[in-house]
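Below is one structure, written out as structure tokens; comments come after it.
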Amino acid sequence: MINIAVLGHGVVGSGVVQLLEKNRESISRKAGADICVKKILDLREFPGLPYAEKFCTNFGEILADPEIRVVVEVMGGTHPAYDYAASALKAGKSVVTSNKELVAAKGHELLRLAGETGQNFLFEASVGGGIPIIRPLHQCLGANEIDEIVGILNGTTNFILTKMIREGMGFGDALGIAQELGYAEKDPTADIEGHDTCRKICILASLAFGSHVYPTSVDTRGITQISAEDVCYAQSIGRVIKLLGHARKIGDKCEIWVGPAMIERDSPLAGVEDVFNGILVRGDATGDVVFYGKGAGGLPTASAVISDIIDCVTAEGTIVSLHWAGADDSKLAKPGELPTTRYLRCKGKGFDTVECVLGKVNPLHRPDKPDDELAFIAPAMSGSELEQKLSQLGVHGVEVAGNIRIWGQGEI
Ligand code: HSE
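Dropping the structure here:
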């Protein structure tokens with residue numbers, strides 16, 4: 114029998130306990146041993162639960178218990194999660210986490226510590242919830258150089274954009290429904306401003322390209338500025354707007370960004386709707402491989418956590434392929450350095466200025482387009498060139514109300 118401890122009894126923590134119980138027999142068969150939750154750390158009380166006696170409020174009890182071999186951290190945040198994970202590894206216990214904030218901030222340190230202590234630090238559940246992506250990336254696709262990763266990595270924003278696309282709803286109304294349904298938090302900032310997606314693409318990029326990418330190094334935009342008008346213009350050119358996390362290798366540099374993008378309607382990612390996640394990985398040997406499924410929720414995320422627990426039990430010692438070096442920002446393209454094709458929606462008068470500044474543009478169309486609106490695809494240019502041209506437009510009374518990347522050039 115293998116004893117484990119679960120830190121946190123929220124949606125994911127309770128899902129782990131529940132799924133271990135529900136599929137006890139098959140999980141034991143795959144792990145080669147029964148997996149027993151010996152302790153659960155949570156400050157709250159859960160008196161009605163059949164396993165109420167397992168709760169404790171002192172992490173020291175777990176750390177000092179030599180029978181506990183695996184610590185499952187599902188509390189979220191970096192404090193005290195980092196201290197708990199680091200002390201568990203130092204105490205000779207493997208650590209499994211679903212905490213993307215922790216891995217994006219401290220992945221390199223914790224992987225190094227796991228190597229030094231001969232333990233595992235595993236985090237399959239930190240990206241894509243129930244979708245297997247971490248293990249496929251470093252094991253199944255291990256023979257490839259990864260050229261590009263592009264993912265819809267946040268269910269809440271994908272739900273909001275799906276409502277805007279399908280029902281022509283505005284951003285505020287769609288966010289309200291996401292909150293009513295419990296998808297978006299009361300404070301939805303991390304989702305709608307792109308920070309959650311950023312943490313996840315940083316983890317995937319670190320793994321694929323071999324050195325830690327910190328969220329602060331990534332150009333990150335959310336979806337709060339997307340309007341029903343932009344959705345309509347995207348439709349007029351056979352595209353849909355999705356919030357993407359994107360990482361691409363160009364020569365010896367890596368370009369990483371998070372932001373809304375207009376993608377072709379026949380891209381496999383365009384069909385990823387509602388709260389689902391989808392991730393496209395382009396390997397130099399495999400070409401495109403696409404992963405799709407539930408990116409959040411108690412049981413899907415617990416499924417990924419338990420797969421890591423099984424690995425800790427069956428493959429004791431550090432899994433060497435799960436590793437990356439410290440950050441090396443010289444390998445990252447600077448935000449806006451590389452030329453990008455963008456959709457722009459301008460408001461104002463005197464659109465002649467637009468062509469003087471940007472060259473000939475082909476206006477896009479939507480029903481009921483007002484006379485003071487001009488939308489078009491601007492020629493590819495760097496971020497600094499674009500900024501300079503937008504300020505020239507501003508001087509002439511043309512305000513840019515919509516500014517969205519085009520991903521996947523297709524017919525553009
Ligand atoms: N808030 C996240 C989402 C949860 O909506 O996808 C999973 O990380």
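First residue of the sequence shown? That's 114 in this note's numbering, and the numbers climb one at a time after it.
By construction, the Cβ of each residue, glycine as well, lies at the ideal position given by its N, Cα and C atoms.
Every value quoted in this text rests on a predicted model; they were computed, and no experiment measured them.
Restricted to the segment 382–408, the beta strand (DSSP E) segments that are unbroken, complete and at least 3 residues in length are 389–396, 400–407, listed in chain order.
Judged by DSSP secondary structure, alanine 488 falls outside any alpha helix (DSSP H) and instead within the beta strand (DSSP E) spanning 486–494. In the structure shown, the three-state DSSP call for tyrosine 195 is helix. A straight-line Cα-Cα distance of about 26 Å links asparagine 171 and serine 416. Within the segment 405–431, the runs of alpha helix (DSSP H) that reach at least 4 residues and sit entirely inside it are, in chain order, 411–427. Relative to the Cα of lysine 447, the nearest Cα in the group Lys299, Glu237, Thr329, Asp178 belongs to Thr329. In this structure, the beta-carbon distance from glycine 241 to isoleucine 336 does not fall below 8 Å. About 14 Å separates the beta carbon of leucine 382 from that of isoleucine 519, a gap too long to meet the 8 Å contact definition.
Residue pairing for aspartate 332: DSSP places it in a beta bridge opposite Trp370. In chain order, Gly242, Gly243, Lys407 place their CB closer than 6 Å to the CB of proline 413, counting only its own chain and leaving out the 5 sequence neighbours on each side.
In this structure, threonine 191 has its beta carbon at no less than 7 Å from each heavy atom of ligand 1. For the 8 Å CB-CB criterion, valine 353 and isoleucine 278 form a contact. Restricted to the segment 181–230, the alpha helix (DSSP H) segments that are unbroken, complete and at least 4 residues in length are 194–203, 213–230, listed in chain order. Between the C-alpha atoms of lysine 313 and aspartate 365 there is a straight-line separation of about 22 Å.
Non-local beta-carbon contacts of phenylalanine 159 in its own chain, meaning distances under 7 Å to residues more than five positions away in sequence, involve His122, Ala165, Phe168 in chain order. In the displayed model, threonine 170 falls within coil according to three-state DSSP, outside both helix and strand. Assigned with DSSP and collapsed to three states, leucine 176 falls in helix. For tyrosine 456, there is no enclosing alpha helix (DSSP H); the residue is part of the beta strand (DSSP E) that begins and ends at 453–460. From the listed residues Arg361, Val474, Ala428, Ser495, the smallest Cα separation to lysine 444 is found for Arg361.
Within its own chain, the residues whose Cβ lies closer than 6 Å to the Cβ of aspartate 332, once the five positions on either side in sequence are excluded, are Trp370, Pro448, listed in chain order. Excluding five sequence positions before and after glutamate 368, the CB atoms of its chain that fall closer than 6 Å to its own CB belong to Arg361, Ala446, Leu451, given in chain order.
About 5 Å separates the beta carbons of alanine 144 and isoleucine 423, which is inside the 8 Å limit, making them a contact pair.
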